[in-house]
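Remember, my numbering sits 2 above the position in the sequence shown when you count from 1.
Idealized CB from N, CA, C, for every residue including glycine.
Right, one structure below, let's go through it.
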Amino acid sequence: MYHALSRATDASILTSDKSSDPLIKGLDLYSSNLNKIANARLGQDQLIKSKFNKPLTTTLRSLISQSNNIQKKVEDKRIDYDLARSNLANCNNPQKEPKLRVDMESAEDEFANTVEDAINVMQNVLENAKPLEEFLELIKAQLAYHKLAAELLDGMVKDFEELIDEQHKLSSSAVNSGRESGDFDI
3 MYHALSRATD ASILTSDKSS DPLIKGLDLY SSNLNKIANA RLGQDQLIKS
53 KFNKPLTTTL RSLISQSNNI QKKVEDKRID YDLARSNLAN CNNPQKEPKL
103 RVDMESAEDE FANTVEDAIN VMQNVLENAK PLEEFLELIK AQLAYHKLAA
153 ELLDGMVKDF EELIDEQHKL SSSAVNSGRE SGDFDI
């Protein structure tokens with residue numbers, strides 16, 4: 003948007019020479035400063051992409067991927083444990099019962115170990131994620147952009163006040179010189 007406003011107010015399309023007209027000066031000033039603001043906005047957007055969006059997306063993808071993988075392992079081990087428990091409960095052959103009991107206890111241990119592994123994986127991911135640092139980078143990028151924009155706009159206010167004074171002086175001298183030459187307003 004700022005680039006479009008900068009191009010739309012570019013005074014060079016109105017005149018080929020450097021005019022002393024306050025309006026032309028004002029348009030040049032406005033166009034130039036808006037172009038700087040637009041470039042700063044592009045810089046901010048690049049910083050946000052590289053220092054906030056990309057790291058946060060990577061962290062979230064990693065978290066989701068690891069979470070899905072470990073969740074699948076936990077579900078598989080739970081199914082194995084439930085199946086072994088069911089086989090033991092439905093066993094009618096006393097000779098197979100000791101082996102089925104060992105299978106069930108082994109499946110239960112594997113399930114418990116997988117749950118513990120899942121907890122450790124999730125804690126590790128959360129400990130290594132740095133969302134607050136990434137948000138700090140976002141805030142710094144926004145602050146730098148807004149500071150520059152505020153400085154440029156503040157400078158333009160002062161410059162435009164001077165241009166308005168210059169225009170009033172030119173208008174006053176034009177009115178006075180017109181009356182001195184014998185021209186009358188009718």
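Span of the alpha helix (DSSP H), counted from its first residue to its last, around residue i
{"i": "P100", "result": "99 to 130"}
{"i": "E34", "result": "Position check: residue 34 holds Ser in this sequence, whereas Glu was assumed. Here the alpha helix (DSSP H) through S34 covers 24 to 50."}
{"i": "K75", "result": "56 to 91"}
Option in the options with minimal Cα separation from residue i
{"i": "N115", "options": "V127, Y83, A152, Q169", "result": "Y83"}
{"i": "Q48", "options": "A152, A143, L172", "result": "A143"}
{"i": "V76", "options": "I26, L31, S174, A109", "result": "A109"}
{"i": "K38", "options": "G157, E163, E168, K171", "result": "G157"}
{"i": "V159", "options": "P57, N35, L134", "result": "N35"}
{"i": "G45", "options": "E164, H148, E136", "result": "H148"}
Rounded Cβ spacing between residue i and residue j (contact assumed at less than 8 angstroms)
{"i": "K53", "j": "E139", "result": "4 angstroms"}
{"i": "I72", "j": "D119", "result": "7 angstroms"}
{"i": "F162", "j": "G28", "result": "6 angstroms"}
beta-carbon residue i near the ligand FAD non-hydrogen atom, thresh 7 angstroms
{"i": "S33", "result": "This structure simply doesn't include the ligand FAD, nor any ligand for that matter."}
Contact check, residue i vs residue j, beta carbons under 8 angstroms
{"i": "V237", "j": "S64", "result": "Any answer about residue 237 is impossible in this case: the structure gives the chain only from 3 up to 188."}
{"i": "M106", "j": "R80", "result": "no"}
Where residue i sits in the DSSP three-state scheme
{"i": "M3", "result": "coil"}
{"i": "P96", "result": "coil"}
Closer than 8 angstroms to chain E by CB, residue i
{"i": "D78", "result": "Although the question refers to chain E, the structure presented lacks it and comprises just one protein chain."}
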